[in-house]
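**Student:** In case it helps, full-length UniProt numbering puts the sequence shown at residues 1 to 511.
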Amino acid sequence: MARSARTAPKDDITMATCAAILRVVQEVSRTLLAERNSFVPINKLPPELLGDIFCYTQTETLRHSHNIDPLVVPTKLSLVCTHWRAVAVCVPQLWSEIFAGTKKCPPYLLSSLLDRGRRVVLALKDLDDSLSCVLAEYMDRIRELRILTVSNADALLRPAPILEALGIDTWKDGFPPGFLGDYAPNLSKVSLPKVSLRPLVDYPALRAVTSVHASRSGANQPDILCALFQQCPQLNTLTGITGSFLTFGNVPNRLRNLAVRDFREWRRTTTSYQYIDSARLLDVLDYLRVRTISLHSPFPGTIAKALEGLQDPGRWTISLDWRGGYDHIDTSIEIGDERGFSRTFHWIGPVERYYHEGGEKSFRHILGYTTALSLRSLSVFCPNCRDLDYPPFTLNIRALKSLAFGFSTAKELWVPSFLAELPALHDIRITAVMDPFEVAPMALARFMQELMNRLGLQRIPVLYLDTVILKEGPGFNDGHRHLASFADTIIHTTNMWHSAAVPLYMPYMSY
């Protein structure tokens, strides 16, 4: 022990000397690495151009990997070298999406990320005391904000000059006076928590709102619709509501787009299900004036009411997606008239529930309605039904002028069995549903040959290829000539598959 005590000062000197030498070596190493990296071709690019490359990398990664955290790419880029880190940290676009909606976010990390970003899309699990203090300093940088639970609302009392979308899942106290500092001139989309608008409180920050999602509101606030249209005079899109939102008398509104949901509710008192439809709710909202109504899991009464708003409907779109055999169904029907008014009907979920909750009966109800129509336009998207039988149905399509098919890939090219002779057909459209795809001309020609045989036609005036690319390769010319034999004109466009449907949930809520 005595010897250790005597040698301790010497050891300290040695360690200090080593540390000093090591710092010099590390500094020299960093200098040499920076010098070497400066000769790497990509590092000779101007920082602005390198930043653009980083942004493109992030965009493409997110486009092909929808479940990846947006911060993964800039984090990995900043770990390559000091030069890349310096560039990445100074590119606000790379840090513009911060998703911490499923985990706790430390205040220091949130502060650091918000300091780098501009026009940020932010999702938080819980806005507690510490995060509220941080967020309050950066409300002028937030473009979209999603919060699962609000524990401390101090940050939401600050002005939000660039805020465009706000989604809150749970807030037991509702919006306080002075919400968003009474100043959010760009706020257009809001998702309301179960408790949201307080009685006798004015909310100037909601004056510019045009879209509201309110599925969790209304159960304890039967007058929520009246308050909603008073606080949001520009409101034209309302989604997520149900028949439980009924109020007394009609509600003046400017709605153009509406998404409602029918459902069944178990009642213990009667030990049975009560079916709650939205037919009366449509009356309250003056449904005849609403341009687009989307019904989710609708019952026949709601369907019949919604269809009354169409005048001489001649446009019909059907989407059938039976996933995993007949285990899961994702079906929609869209009916439109010449004015551009549309009614869409959707069923998503297990097939067993589809039948037990009356989905099949509702589907038949719509088919019965369409058999009396003379359809002029039909669009079909049935991605997983190639080797399966359709639910049997017939359509009055002999007077059809336009026929469109939506495909996700070239492998889906096939002819539905319910098509028959169409002597009046003018044009056929083949459209990419999600992303552009390539197809060999000969493969497309074989599809057209089978289709034309089914339709009893030799040739049509126009064939549209919407974001469908003819693949170069062996047999391209022969395939193109064969394809051209079916149409007087082939027109290539950049149009994508379009639906008038109003989503039950707002797109920005997907994260």
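Just so you know, even glycine gets a beta-carbon here, dropped at the ideal spot from N, CA and C.
Might you give, ordered along the chain, the residues of its own chain that have their beta carbon closer than 6 Å to the beta carbon of G178, omitting 5 neighbours on each side?
**Tutor:** L157
**Student:** Tell whether a beta-carbon distance below 8 Å holds between D478 and M442.
**Tutor:** yes
**Student:** Just how far apart, CA to CA, sit V87 and V121?
**Tutor:** Near 21 Å, if we compare the C-alpha coordinates of V121 and V87.
**Student:** Ignoring anything shorter than 3 residues, give me the beta strand (DSSP E) runs that lie fully in the segment 116-180, in order along the chain.
**Tutor:** For the segment 116-180, whole beta strand (DSSP E) runs of length 3 or above, ordered along the chain, are 120-127, 142-150, 165-170.
**Student:** I need the boundaries of the alpha helix (DSSP H) containing S377, first residue and last residue.
**Tutor:** S377 -> not in any alpha helix (DSSP H); beta strand (DSSP E) instead, spanning 377-381.
**Student:** Using 8 Å as the cut-off, can you tell me whether the segment 329-348 makes contact with the segment 490-502, which would need three or more C-beta pairs spanning the two stretches below that distance?
**Tutor:** yes
**Student:** Just to confirm before moving on: does the CB-CB distance between I375 and L395 stay below 8 Å?
**Tutor:** Just to set this straight, residue 375 is Leu in the shown sequence, not Ile. It is a contact, given that the beta carbons lie within the stated cut-off.
**Student:** W414 bridges to which residues according to DSSP?
**Tutor:** W414 is not bridged to any residue.
**Student:** Measure the alpha-carbon distance for T317 versus I333 and round it to whole angstroms.
**Tutor:** 6 Å
**Student:** When DSSP labels each residue in this structure, what does G475 get in the three-state scheme?
**Tutor:** In the three-state reduction of the DSSP assignment, G475 falls in the coil class.
**Student:** For a test of the three-state rule: what should DSSP assign to T17, helix, strand or coil?
**Tutor:** DSSP places T17 in helix when its eight states are reduced to three.
**Student:** Beta-carbon separation of V468 and I430 under 8 Å?
**Tutor:** yes
**Student:** Can you say whether V260 is buried or exposed, counting buried as having 16 or more other CB atoms within 10 angstroms of its CB?
**Tutor:** buried
**Student:** For S111, which of helix, strand or coil comes out of DSSP?
**Tutor:** helix
**Student:** Between which two residues does the alpha helix (DSSP H) carrying P56 extend?
**Tutor:** The question names Pro, but residue 56 in the sequence shown is Tyr. 47-64 is the span of the alpha helix (DSSP H), which, as asked, contains Y56.
**Student:** Would DSSP call G309 helix, strand or coil?
**Tutor:** Three-state DSSP puts G309 in coil, outside helix and strand.
**Student:** Measure the alpha-carbon distance for K305 versus P204 and round it to whole angstroms.
**Tutor:** 35 Å
**Student:** Let's see if you can read the secondary structure: which residues bound the beta strand (DSSP E) around L94?
**Tutor:** L94 -> no beta strand (DSSP E), and no H or E assigned at all.
**Student:** Would P436 be called buried (16 or more neighbouring beta carbons within 10 Å of its own) or exposed?
**Tutor:** exposed
**Student:** Terminal residues of the continuous beta strand (DSSP E) containing N257?
**Tutor:** 257-261
**Student:** If you follow the beta strand (DSSP E) that V468 is in, where does it begin and where does it stop?
**Tutor:** 468-470
**Student:** Which of helix, strand or coil does DSSP assign to L465?
**Tutor:** strand
**Student:** Taking the alpha-carbon of R280 as reference, which of R267, T271, I303, T270 has the nearest alpha-carbon?
**Tutor:** I303
**Student:** So V439 is in the beta strand (DSSP E); what residue range does that whole segment cover?
**Tutor:** Taken as a continuous stretch (DSSP letters only), the beta strand (DSSP E) holding V439 covers 437-439.
**Student:** Could you check where the beta strand (DSSP E) with R429 kicks off and where it finishes?
**Tutor:** 427-432
**Student:** Less than 8 Å separating the beta-carbons of L187 and V209?
**Tutor:** yes
**Student:** Taking all protein chains shown into account, decide if I491 is buried (16 or more other Cβ within 10 angstroms of its Cβ) or exposed.
**Tutor:** exposed
**Student:** If you check the beta carbons only, do P74 and F54 fall under 8 Å apart?
**Tutor:** yes
**Student:** Would you check if the distance between the CB atom of R198 and the CB atom of F175 is smaller than 8 Å?
**Tutor:** Contact flag set, yes.
**Student:** To the nearest angstrom, how far is the alpha carbon of D111 from that of L145?
**Tutor:** The amino acid occupying residue 111 in the given sequence is Ser; Asp does not appear at that position. One C-alpha to the other measures close to 15 Å.
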